[in-house]
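Below is one structure, written out as structure tokens, with a few remarks after it.
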Amino acid sequence: MSSFFRELEQRKLYSVALSCAVVASLVVQISATVVPAYHGPEWILPIFITALARDSKAHLLICPLR
């Protein structure tokens, strides 16, 4: 099991996961401010957050394959 975590560390998966989380958090905060300012519909923000969560999970699954 320790070799598994060593492999994740070697492939820099931890730094990728942290950077994805930081970028997604910033994008959500900015969109939460901008969408109401432009009178966007209420359903856009939850769909946007769900799409970001899905994409980040997919990115973490694909990252070790490189």
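For the working numbering, add 1294 to where a residue sits in the sequence shown, where the first one is 1.
All residues carry an ideal CB built from backbone N, CA and C; glycine is no exception.
For residue j and residue i, believed in contact at Cβ under 8 Å, the rounded distance
i: Leu-1346; j: Ala-1318; result: 5 Å
i: Val-1329; j: Ile-1338; result: 6 Å
Residue i (DSSP reduced to helix, strand or coil)
i: Pro-1335; result: coil
i: Lys-1351; result: helix
i: Arg-1305; result: coil
Indicate whether the contact test is met: 3 or more Cβ pairs, each with one atom in the region 1334 to 1349 and one in the region 1307 to 1326, closer than 8 Å. yes
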